[in-house]
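Single-structure report; data block below.
There are 2 protein chains.
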Amino acid sequence: MKVPWHLGKLRSLASEKEADAILISRPSNIFYATGFKGGSRLVVPAEGEPAILVGGVDLTAAQERFSKAPEVVRVEHVRLGEKLDDRTMKLLKEMGIRKLGFDELPIKTYSRLAKEFGRGNLADLSGPIWDLRKSKDELEKELVREACRMAVKGMEAASELMEPGRTELEIVGEIEEALRKAGSEEHPFNIIVASGPNSALPHARASGRELKKGDLVVVDLGATCSGYVSDMTRTFVVGKPEGWQEEIYRIVREAQEKAIMALRAGLKASEVDRVARSVIEEAGYGPYFVHGLGHGLGIEVHEPPRLAPGFEEVLGANYTVTVEPGIYLPGRGGVRIEDTVLVFEDGCEVLTEFPYGLKP
Amino acid sequence: MKVPWHLGKLRSLASEKEADAILISRPSNIFYATGFKGGSRLVVPAEGEPAILVGGVDLTAAQERFSKAPEVVRVEHVRLGEKLDDRTMKLLKEMGIRKLGFDELPIKTYSRLAKEFGRGNLADLSGPIWDLRKSKDELEKELVREACRMAVKGMEAASELMEPGRTELEIVGEIEEALRKAGSEEHPFNIIVASGPNSALPHARASGRELKKGDLVVVDLGATCSGYVSDMTRTFVVGKPEGWQEEIYRIVREAQEKAIMALRAGLKASEVDRVARSVIEEAGYGPYFVHGLGHGLGIEVHEPPRLAPGFEEVLGANYTVTVEPGIYLPGRGGVRIEDTVLVFEDGCEVLTEFPYGLKP
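Protein chains in written order, with the working numbering: chain A, -16 to 343; chain B, -16 to 343.
Below, the structure written as structure tokens:
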């Protein structure tokens, strides 16, 4: 399976920001740059050979990966007992770096770099790196697409288990097995199966609670394909739905559908949120839609941009984002419907294709 | 199920460090303090009422949790569109904070606080907070113990699946189902099933590879009970073991056994590592034991202290740590054996009780 390779983009970013190099620490940024899961830090100079600092635990895997990489990356073995910060300083000096961009650092490391380089020669490039990651290239789109296909297999398994007496955790176990069978290499987040009153908690944690007739059940799951993830939610009912359940389901689905119909490059993130939120507000449930409409995703399950009030950023083509309105009635139950979608110039495509409805 | 409550310890830490308050952002520190999973930031003043900043997504759960908490914590709702940093500044001003401790912050937030308070009035207390977390109280020990019992159920399931033709990912799926049945509320890390040459990669990721006769198979898994985790590894063989496999297994097990026999409060972390490493070095496999002997664990699966060369910290009673030597022969295969243990004044106890041996 292919993996991402974006060293060129980071090198260009260094040049553009007039930095001699970028020091990368966030694991997902190292993976974005090199397709390698592991390693402690990566130094990407504007010119010359990048170097990755790797502990013994990742050394064999790193040597294997970089022996087949499209361009040379020096693998630097950080030996047991060596301090990562000492080694980082040494490497930056050897490379002759004077102006340094970075993505994220512990305060202690930042302070040490500030002493060494001068605060004015350090630049926080976390934002610009996120900007690069937002727009997915062809390979990334294919991997997210495949991760969505895997997630659908998990949702199919879930939909067949909406029976009284099963516990939330038991259903999570069955979903996980289905996802692994589908080839998911990692669960991007702790799967949510939230039944009855638990379904009114957007970030509920699955428990030993048994499903009962009349429960709403929110199922929120995702999959990972070659490091890229998917995220989707459906809400089911155990037995026959009651009127209030059908009502909030209908409203949430209408909000989602309208947002998906509106979503395209050139809109502000907050505008897409507004489309869905208006539907829910007009139906009188505004106070019960307690979170933003969605978020970007790719290597991580929560990436910029946020589709939420106050986020005025303009969406671009090839962004992958979630669209997930919800209504949560404390003590009673909640409905959330979520899809992963790919944004185009003139619209968007739902990648997590699975039927809607409390009884799909 | 009971959850941790350590606000008192943090309040004392604030006093001791002459800080008016500690600003806590790391999710596991918020959980350590309050037993609440969620929330964006927590402010613990040396005197007076703590406050937790909570988005809409966690609001109902937070209100529920803190209405039953042993002491008053003000739940501050961060509304959609409000910036967390703005709200944090406002809250700190309202509380009259002048000297502030913190655990971790994005550089941007740190710089803003530095402007507001003066760099000299900020103190990085991440180390002292880790120090508090290292030593487990009675409840924490019971939860880790229970998480270990759950992990053993997962390992039992794994041990029955060492047959040619099964894929690594399929076995991971079965393990996850067993863990969920045992009540594990979250997988603390992506479970490793690494077979054949993959077993030589300490941080291997499970793949679609089918098990073959003669493979070594490293299985590394854990469970979570009320927010506290366990971590264990066994190595199995498919079919009959070869001589070299038995040899490295015997050496790794001897290294582990000797380290466990030696482990007690008052030893330096590096000294325990040395006990195990000497066994492996004397057998001629020193270069193939490429990582430290172990690590602390509790709310997170990797917590201080590290049991590794260069870590001179003295171990204390009631620490929970892993003991996990390994030998990895690139291209051929590897063996790792890992237990979670509880450190006493005069010894330690293995909490992940499961037979040893390539064919247990």
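In this text, a Cβ means the ideal position worked out from N, Cα and C, and glycines have one as well.
Keep in mind the model is a prediction, meaning the values are calculated, not measured.
Throw me the rounded Cβ distance for the residue i and residue j pair, which I believe falls under 8 Å.
i	j	result
residue 34/B	residue -3/B	About 14 Å separates the two Cβ atoms, so there is no contact after all.
residue 1/A	residue 82/A	6 Å
residue 130/B	residue 80/B	Between residue 80/B and residue 130/B the Cβ distance is about 36 Å, and since that is not below 8 Å, they are no contact.
residue 133/B	residue 206/B	4 Å
residue 36/A	residue 23/A	5 Å
residue 275/A	residue 289/A	5 Å
residue 302/B	residue 182/B	Incorrect: roughly 29 Å between the Cβ atoms, too far for contact.
residue 44/B	residue 21/B	6 Å
residue 279/A	residue 64/B	With 8 Å as the limit, residue 279/A and residue 64/B do not qualify as a contact, their Cβ atoms being about 18 Å apart.
residue 172/A	residue 284/A	5 Å
residue 351/A	residue 239/A	Limits of chain A in this structure are -16 at one end and 343 at the other, which puts residue 351/A out of reach.
Could you give the distance in angstroms between the alpha-carbon of residue i and the alpha-carbon of residue j?
i	j	result
residue 157/B	residue 160/A	6 Å
residue 269/B	residue 306/B	17 Å
residue 108/A	residue 174/A	32 Å
residue 321/A	residue 333/A	10 Å
residue 176/B	residue 260/B	24 Å
residue 295/B	residue 8/B	28 Å
residue 327/B	residue 246/B	9 Å
residue 237/A	residue 262/A	7 Å
residue 197/B	residue 180/B	11 Å
residue 26/B	residue 57/B	10 Å
residue 91/A	residue 186/A	32 Å
residue 70/A	residue 325/A	41 Å
residue 145/A	residue 200/A	8 Å
residue -12/A	residue 232/B	38 Å
residue 165/A	residue 208/A	10 Å
residue 314/B	residue 184/B	9 Å
residue 337/A	residue 153/B	24 Å
residue 143/A	residue 149/A	11 Å
residue 214/A	residue 329/B	49 Å
residue 339/B	residue 192/A	35 Å
residue 163/B	residue 106/A	45 Å
residue 155/B	residue 265/A	46 Å
residue 226/A	residue 252/A	33 Å
Under three-state DSSP, which class holds residue i?
i	result
residue 229/A	helix
residue 137/A	helix
residue 310/A	strand
residue 335/B	coil
residue 14/A	helix
residue -2/A	helix
residue 282/A	coil
residue 193/A	strand
residue -14/A	coil
residue 268/B	coil
residue 111/B	helix
residue 215/A	strand
residue 251/B	strand
residue 35/B	strand
residue 118/B	strand
Need the endpoints of the beta strand (DSSP E) that residue i sits in, please.
i	result
residue 277/B	277 to 279
residue 49/B	Here residue 49/B belongs to no beta strand (DSSP E); instead the alpha helix (DSSP H) covers 39 to 50.
residue 7/A	4 to 7
residue 24/B	24 to 28
residue 106/B	105 to 107
residue 204/B	199 to 204
residue 84/A	83 to 85
residue 317/B	316 to 319
residue 59/B	57 to 61
Kindly indicate the opening and closing residues of the alpha helix (DSSP H) around residue i.
i	result
residue 221/B	Where residue 221/B is concerned, there is no enclosing alpha helix (DSSP H), given that its DSSP letter is neither H nor E.
residue 327/B	Where residue 327/B is concerned, there is no enclosing alpha helix (DSSP H), given that its DSSP letter is neither H nor E.
residue 177/B	Not the alpha helix (DSSP H): residue 177/B falls in the beta strand (DSSP E), residues 175 to 178.
residue 92/A	90 to 100
Looking at the ligand ATP, does it come within less than 8 Å of residue i, judged from the CB to the closest heavy atom?
i	result
residue 224/B	This structure does not include the ligand ATP; it has no bound ligands of any sort.
Compare the C-beta of residue i against all C-beta atoms of chain D and say whether one is closer than 9 Å.
i	result
residue 211/A	Judged by its chain identifiers, the structure shown contains no chain D, and its protein chains are A and B.
Worksheet item: What residues from the region 182 to 205 of chain B come within 9 Å of chain A, judged by C-beta to C-beta, listed N to C?
Response: 183, 184, 185, 186, 187, 188, 189, 190 and 191
Worksheet item: Using Cβ-Cβ distances below 9 Å, what residues of the region 263 to 276 of chain A are close to chain B?
Response: 272, 273, 274 and 275
Item to complete: Can you give me, in chain order, the residues of the region 25 to 48 of chain A that have a beta carbon less than 9 Å from any beta carbon in chain B?
Response: 38, 39, 40, 41, 42, 43, 44, 46 and 47
Fill in: Positions along the region 83 to 99 of chain B whose CB lies within less than 9 Å of some CB in chain A
85, 87, 88, 89, 90, 91, 93 and 94
Fill in: Near-chain B residues of the region 137 to 165 of chain A - C-beta to any C-beta below 8 Å
152, 153, 155, 156, 157, 159, 160, 161, 162, 163 and 164
Fill in: Residues of the region -5 to 17 of chain A with Cβ closer than 8 Å to any Cβ of chain B, in chain order
none
Discussion item. Under 9 Å, CB to CB, which of the residues in the region 301 to 319 of chain A have a partner in chain B?
Written reply: 311, 313 and 314
Fill in: Selection of the region 104 to 129 of chain A by Cβ proximity to chain B, strictly under 7 Å
107
Worksheet item: Listed from N- to C-terminal order along the chain, which residues in the region 53 to 65 of chain A have their beta-carbon within a distance smaller than 8 Å of any beta-carbon of chain B?
Response: 63, 64 and 65
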